[in-house]
Amino acid sequence: MPRNQGAIATAFDAEVGARIRSRRKLLGISQSSLGERLGITFQQIQKYEKGTNRVGASRLQGIATLLGTTPAALLGEQVDGTAQKSPELEAIEKMIGTSEGAALNRAFAKITDAGIRRSIIGLVKTLASDPDGTV
Numbered sequence: 001m002p003r004n005q006g007a008i009a010t011a012f013d014a015e016v017g018a019r020i021r022s023r024r025k026l027l028g029i030s031q032s033s034l035g036e037r038l039g040i041t042f043q044q045i046q047k048y049e050k051g052t053n054r055v056g057a058s059r060l061q062g063i064a065t066l067l068g069t070t071p072a073a074l075l076g077e078q079v080d081g082t083a084q085k086s087p088e089l090e091a092i093e094k095m096i097g098t099s100e101g102a103a104l105n106r107a108f109a110k111i112t113d114a115g116i117r118r119s120i121i122g123l124v125k126t127l128a129s130d131p132d133g134t135v
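Per full-length UniProt numbering, residue 1 is the first one in the sequence shown, and the count goes up by one each step.
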């Protein structure tokens, strides 16, 4: 095998990067801040998140620790080791990975009143104009 072949990033690397980005944004951590804590540049974080560069095992462990999760979660595995490939889960991860999605989730998490939470969910369902009421 050629020396650099193992370092070629794949679609799976992009999926791992998307999970890193989603988790980072959900926690409100900037690429610069995460990179600083890991001792690397924000550009390197950017490359991991885009799937341009592959994340090594020890680096993945460091990222997971700082993001309060496990390497398995960032790899897309459940506790039993099976892959999470639900289209609904992928749509949620994609939405949370946006600035708006992360901000919405952070704000919603601060609402402690269950009635207000249900009202907001109802409003969002109405705005989404989903005929069967599922979002």
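Backbone N, C-alpha and C define an ideal beta-carbon position, used for all residues, glycine too. As the structure is a prediction and not an experimental result, all values here were calculated from the model.
Identity of the residue in the options nearest residue i by Cα
| i | options | result |
| --- | --- | --- |
| residue 9 | 116, 27, 48 | 48 |
| residue 57 | 121, 32, 16, 24 | 16 |
| residue 94 | 107, 18, 67 | 18 |
| residue 110 | 12, 54, 27 | 27 |
| residue 46 | 30, 37, 61 | 30 |
| residue 100 | 118, 72, 22, 14 | 22 |
| residue 12 | 65, 53, 70 | 53 |
Beta carbon of residue i nearer than 8 Å to that of residue j
| i | j | result |
| --- | --- | --- |
| residue 20 | residue 63 | yes |
| residue 105 | residue 116 | no |
Beta-carbon separation (whole angstroms), residue i vs residue j, contact threshold 8 Å
| i | j | result |
| --- | --- | --- |
| residue 179 | residue 102 | Because the chain is modelled from 1 through 135, residue 179 falls outside the range shown and cannot be assessed. |
Buried versus exposed, by CB contacts within 10 Å (16 or more), residue i
| i | result |
| --- | --- |
| residue 55 | buried |
| residue 60 | buried |
| residue 67 | buried |
| residue 74 | buried |
| residue 127 | exposed |
| residue 123 | exposed |
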